[in-house]
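Asker: Counting in my numbering, the sequence shown runs from 5 upward without gaps. Each residue gets a CB set at the ideal place from its N, CA and C atoms; glycine is no exception.
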Amino acid sequence: MTPKPLEGIRVIDFCVVWAGPFATMLLGDLGAEIIKPENPNVFQPLTRGPMARPPAAYLLNTIAWAGGMPRNEPGSRPWDYSPTFVSLYRNKKSFTVDTRAPEGMEALRRLVAVSDVFYENNAVGTMEKLGITYEWLKEINPRIIMVRVPAYGSTGPYARGARALGVHLEAVMGHTLLRGYDDTDPSSNSAIYSGDYLAGAQGAFAVMTALWERERTGEGQLIEIAQAENAAAMFTQAIMDYSLNGNIQGAIGNRDVHGRFPCGVYPAKSPGGPETSDDHWIAISVESDEQWQSLVTAMGNPEWAQDARYATNAGRAEHFRELDRKIAGYTAGYEDYDLMTRLQAAGVPAAPVLEASRLYDDPHMRARGFFRKQNQGSSGEYEYMGPMWQFPATPVEFYQPPIMLGEHNDYVYRELLKYSPAEIEELRAAGHITTEYAPHVP
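1) Please report the distance separating the alpha-carbon of Asp-102 from that of Asp-17.
2) Pick helix, strand or coil for Asp-187, following the three-state DSSP scheme.
3) Quick one, which of Gly-257, Gln-206, Gly-222 has its alpha-carbon nearest Ala-237's?
4) Output the distance between the C-alpha atoms of Ser-281 and Ser-274, rounded to the nearest integer angstrom.
5) Using DSSP with H/G/I as helix, E/B as strand and the rest coil, what is Asp-200?
6) Quick one, which of Thr-28, Pro-87, Pro-25, Asp-33 has its alpha-carbon nearest Gly-53's?
7) In this structure, how does DSSP classify Asn-125 when only helix, strand and coil are distinguished?
8) Within 10 angstroms of the Cβ of Glu-411, are there 16 or more other Cβ atoms? Answer buried if so, exposed if not.
9) Quick one: what does DSSP say Asp-17 is sitting in, helix, strand or coil?
10) Where Val-128 and Arg-152 are concerned, what is the direct C-alpha to C-alpha distance, given to the nearest angstrom?
11) May I ask you to list the residues that DSSP assigns as paired with Gly-268?
12) Apply the 10 Å Cβ neighbour rule to Ala-371 and answer buried if 16 or more other Cβ atoms are within range, or exposed otherwise.
13) Check whether the Cβ atoms of Asp-340 and Pro-353 lie closer than 9 Å to each other.
14) Hey, out of Asn-234, Ser-383, Glu-401, whose CA is closest to Gly-79's CA?
15) For a quick check, are the C-beta atoms of Lys-8 and Ile-407 less than 9 Å apart?
16) Per the DSSP calculation, Ala-355 is bridged to which residue(s)?
17) Report the CB separation of Asn-125 from Gly-435 in whole angstroms; it is logged as a contact under 8 Å.
18) If we ignore side chains and look at the alpha-carbon of each, how far apart do Leu-63 and Gly-72 end up?
19) With distances taken between CB atoms, is the gap from Arg-264 to Ser-289 smaller than 9 Å?
20) Under a three-way DSSP split, which group does Leu-30 fall into?
21) Who are the Cβ neighbours of Glu-385 in its own chain at under 8 Å, not counting the five residues just before and after it?
22) Pairing CB atoms from the stretch 131-138 with CB atoms from the stretch 234-250, are three or more of them under 8 Å?
23) Round the Cβ separation of Ala-203 and Gln-231 to the nearest angstrom and send it over; I've been treating them as touching at under 8 Å.
24) Along the alpha helix (DSSP H) that carries Leu-363, what are the first and last residues, could you check?
25) Tell me the residue span of the beta strand (DSSP E) that contains Leu-64.
26) Going by the CB atoms, is the gap between Gly-178 and Ala-195 shorter than 9 Å?
27) Helix, strand or coil, according to DSSP, for Ser-98 in the structure here?
28) Would you say Ala-111 and Tyr-417 are within 9 Å of each other, going by their C-beta atoms?
29) So who's on the other strand from Ile-331, going by DSSP bridges?
30) Distance, Cα to Cα, Ile-67 vs Glu-427?
31) With contact counted as at least three CB pairs below 8 Å, one residue from each stretch, are the stretch 25-40 and the stretch 83-98 in contact?
32) Helix, strand or coil, according to DSSP, for Tyr-156 in the structure here?
33) Can you tell me where the beta strand (DSSP E) holding Asn-379 begins and where it ends?
34) Measuring alpha carbon to alpha carbon, tell me which residue in Thr-301, Arg-57, Phe-375 is nearest Pro-443.
35) Within this structure, are the beta carbons of Ile-149 and Arg-220 separated by less than 9 Å?
Structure representation (structure tokens):
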């Protein structure tokens, strides 16, 4: 079998929530062995779900992807099948250990000695309280690479004491005020967490760069990725506009940031009939006067489109609101996929706006085999989103469904850490080795 790109690399996943787990998932997809130590006596909220044992009533009143469960039932092992968790924990291994105890830290020490990367994205100070520092890791394994991904970095006014989730990072980095419509305030925006995923992708890239550097020097290193800084770099145009011109950019809806018109999301015909005609939408962008003429032709050269005011981008920009209304009147008579095909054939960028269920059934995604079936012992067989790369010589596949708590205890303790049967029984009796959270954990 052809080895995967990162086969032979072992990564300790000491991560929480999304940013860190997404990075280690990418590394796992590329063949790295990802080992996740999990404390059975402490539940980390928003990682394996909202809580270890959520009441059934709670599941009926929460967002499915945040706290939902298959069939809206908590089942016997709810920590194993929270949608957020299972989406980020394929191609990994789980073992349980309480690192607050000396014997737990000894198990972690043994794991560090045989690993290549230690990845964490906890609040600043969490690792230090456990006694886990880069100096401690390096003393055990001089070749270790440590990646820490705090919200605001480890220095500066916000570093200590300011906790943050994705929605707070979106606010601090300016994204919240760049989203939405120009006639609404930020309270109308929904929460998004793009900064988490961007930090994860950048973190995986940083690990691969550090591994390459280690090949040349033989030394590991400490990498810090401040999520807020990392995500703010997405909005260079807004920052530079202020730096150079003193302009403060705000929300512009679905309009083009470069001022090209028309650009927006327009209603499409819904299979449900007139009463649900606003359920489907299509995104259309015109990038030049030539594309505008192509759009006019595709629409059948309606009389209103011959207005000389619309012939140039400057004119379309000045009258964009009335232009949007007229385009919407046209698009509302067509189904989104059909209209996409018609406009794309004319050279006009267009695509349907899909919600999750329609993305799941999208013919293009299906044709590319993006969704893959996985069978997890606790939740059963479901389809999940597949790997994000295609390597012709080294296939990127799922070799491990989303991990169950403590699923790989035997492998980690016996094979990797070389504990004797007697030592394993002692750790089991002390509550380290288990496949369930302790009864006192809610």
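Answerer: According to the structure data:
1) 15 Å
2) coil
3) Gln-206
4) Here the model assigns Ser-281 a pLDDT of 49, short of 50, so the residue's position is not dependable, and the following value carries that caveat. Cα-Cα distance, rounded: 5 Å.
5) helix
6) Pro-87
7) coil
8) buried
9) strand
10) 9 Å
11) Ile-288
12) exposed
13) no
14) Ser-383
15) no
16) Ala-287
17) Contact flag wrong, Cβ pair sits at about 26 Å.
18) 6 Å
19) yes
20) helix
21) Lys-377, Gln-378, Asn-379
22) no
23) 5 Å
24) 360-364
25) Unbroken run through Leu-64: none, as it is neither H nor E.
26) no
27) strand
28) yes
29) The partner list for Ile-331 (beta bridge, DSSP) is empty, contrary to what the question assumes.
30) 43 Å
31) yes
32) coil
33) 375-380
34) Arg-57
35) no
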